[in-house]
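Engineer: So for the sequence shown, this note's numbering puts the first residue at 4; every next one is plus one.
C-beta atoms are modelled at their ideal positions from N, C-alpha and C, and glycine is treated no differently.
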Amino acid sequence: MLKRGARGLKARFQSWLDRRFPMASEHKVQFNNVFILPTPLGYLYALATVLLIVGAINYQNSMAYIMAFWMMAIGFVVMIFTVRNLVGLVLSPSYGREATVGESLGFCFAASSQRNHRNIRLEGGTSVDVSAGESAKLMVLEKARRRGLHFAPRIKVVTAFPSGLFRAWTYAHVNASTLVYPKAIDPSMWPSGTADEQDESESSSAKPGEQFFGLRPFQQGDSMSRVAWSAYAKTGLPFVKDLRAETAVDNIFSLDNSPANDLELKLSHLAHWCIEAENKGLSYGLVLGSQRHDTGTGEAHLRQCLKALAMYGEGR
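(1) Can you tell me which of the three DSSP states Met70 falls into?
(2) Got a sec? Which residues, its chain only, sit under 6 Å from Glu126 by beta carbon, not counting five neighbours each side?
(3) Once the 5 residues before and after Tyr62 are set aside, which same chain residues still bring their CB inside 8 Å of it?
(4) Under 8 Å, with one C-beta from each stretch per pair, do the stretch 75-85 and the stretch 111-123 reach the 3-pair mark?
(5) Nearest CA to the CA of Glu101: which residue from Met192, Lys186, His275?
(6) Can you list, in chain order, the residues of its chain whose CB lies under 8 Å from that of Pro41, leaving out five sequence neighbours each side?
(7) Of the choices Ser286, Met142, Gly99, Tyr315, whose alpha-carbon is the least far from that of Ile123?
(8) CB Gly151 to CB Val177, shorter than 8 Å?
(9) Is it true that the stretch 298-315 meets the stretch 271-288, where meeting means three or more beta-carbon pairs spaced less than 8 Å apart?
(10) Check whether the Cβ atoms of Lys140 and Val93 sit closer than 8 Å, and answer yes or no.
(11) Check Ala113 in the structure and name its three-state DSSP category.
(12) On the premise that His153 lies in contact with Leu89, defined as a C-beta separation below 8 Å, what is that separation, rounded to the nearest angstrom?
(13) My understanding is that Ala311 touches Gln294, with C-beta atoms under 8 Å, so please give their C-beta distance in whole angstroms.
(14) In angstroms, rounded to a whole number, what distance separates the CA positions of Ser95 and Val80?
(15) To the nearest angstrom, how far is the alpha carbon of Ala263 from that of Ile188?
(16) So the candidates are Phe38, Ala14, Pro25; which of them puts its Cα closest to the Cα of Arg157?
(17) Going by C-alpha distance, which of Ser261, Phe256, Thr181, Asn254 is nearest Val220?
(18) When you compare only the Cα positions, how much space is there between Phe110 and Tyr174?
(19) Tell me the residue span of the alpha helix (DSSP H) that contains Ala280.
(20) To the nearest angstrom, report how far apart Asn35 and Gly99 are at their CA atoms.
(21) Can you name, in chain order, every residue of its own chain whose Cβ lies under 7 Å from the Cβ of Ala71, other than the five neighbours on each side?
(22) Am I right that Leu289 and Cys308 are in contact with their C-beta atoms under 8 Å? What's the rounded C-beta distance?
(23) Compare the C-alpha of Pro43 against each of Ser166, Asp132, Pro194, Lys13 and name the closest.
(24) Helix, strand or coil for His176? Go by DSSP, reduced to three states.
(25) So, at 8 Å on beta carbons, what are the nonlocal neighbours of Asn64 in its own chain, with the 5 sequence-adjacent residues on each side left out?
(26) Among all the DSSP beta bridges, which residues are the ones paired with Phe154?
(27) Where do the ends of the alpha helix (DSSP H) carrying Asn122 lie?
(28) Between Asp265 and Tyr46, what straight-line distance do the alpha-carbon atoms span, to the nearest angstrom?
(29) Please look up how many angstroms separate the CB atoms of Pro194 and Phe256, rounded, as I've assumed it's under 8 Å.
(30) Assign Ser271 to one of two classes, buried (16 or more other C-beta atoms within 10 Å of its C-beta) or exposed (fewer than that).
(31) Looking only at C-alpha atoms, which of Ser191, Glu267, Gly128, Thr298 sits nearest to Leu144?
(32) For Gly78, does the three-state DSSP call read helix, strand or coil?
(33) Distance check for Glu137 and Asp259, CA to CA, integer angstroms please.
Structure representation (structure tokens):
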């Protein structure tokens, strides 16, 4: 019962945050979107002030009254300056650090203002100072659990400057995104119908005028002499050697080349083949459903192929 109640309160709070702080291209901190509460030191300060007032009333001591009111005045002034240290700050997206599934992806935000701000930080991060007319970088990291386009989470910007008696914060939901690529997984085979170099042990059964073009899943009617026993020993899956007449073949990778049944694993295999082909200097391309990416080489081409794998099926 308590857990359900806590989950309900959390869901309502998240819904309120979504309405109060919608995603925007930038976030400007104003007085109406700053929250403030005392820190543990602030609560001790408030307790000391209350005790001083009680003592002053009990003993009718003028100096105790003066001291108590002086501490109250300092507390209110510090509260105002703590909030003011956030107000005027502008948060905008700077860049997103791409990653593969299982790695940490990062979002960097630029904090700028027309005046100075001290000890500004993201919750759990390190503090930075923002000088007037300049910008400082704030970084948030999170683990990439799935491939595709990831949007920056809602961030909490915090300060306790100048005294540490109060902690002021604001929420910002800035429109920033980055890509998470599939994790490259080696399927212990090279896809059939491609022009990569193969081990001599695999191509030894090729007849004159034939070339070894990779491995493909075993089909009924295939000759047992063409079974790739070394691949079977590695993977436990039956593959046969694809021997064809010597022709020029492009490295075109598709989902059908992968022996896996799971879509995410198929995409991981394709990512591995693209990276391997790039490392070996081979020309390669992709066919993903109705999408076709022509063959090529280079860092830009590799990123284009990995992006296509990351975004495959998104939005359907």
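Structural biologist: Taking the geometry as given:
(1) helix
(2) Lys159, Val161
(3) none
(4) no
(5) Lys186
(6) Tyr48, Ala49, Leu168, Phe169, Arg170
(7) Met142
(8) no
(9) yes
(10) no
(11) strand
(12) That belief does not hold up - the Cβ atoms of Leu89 and His153 are roughly 27 Å apart, past 8 Å.
(13) 6 Å
(14) 30 Å
(15) 11 Å
(16) Pro25
(17) In the sequence as displayed, the identity of residue 220 is Pro instead of Val. Checking every option, the nearest Cα to that of Pro220 belongs to Ser261.
(18) 15 Å
(19) 266-282
(20) 29 Å
(21) Thr52, Leu55, Ile56, Ala59
(22) 5 Å
(23) Ser166
(24) coil
(25) Gly58
(26) Ser180
(27) Not the alpha helix (DSSP H): Asn122 falls in the beta strand (DSSP E), residues 120-125.
(28) 55 Å
(29) 6 Å
(30) buried
(31) Gly128
(32) helix
(33) 52 Å
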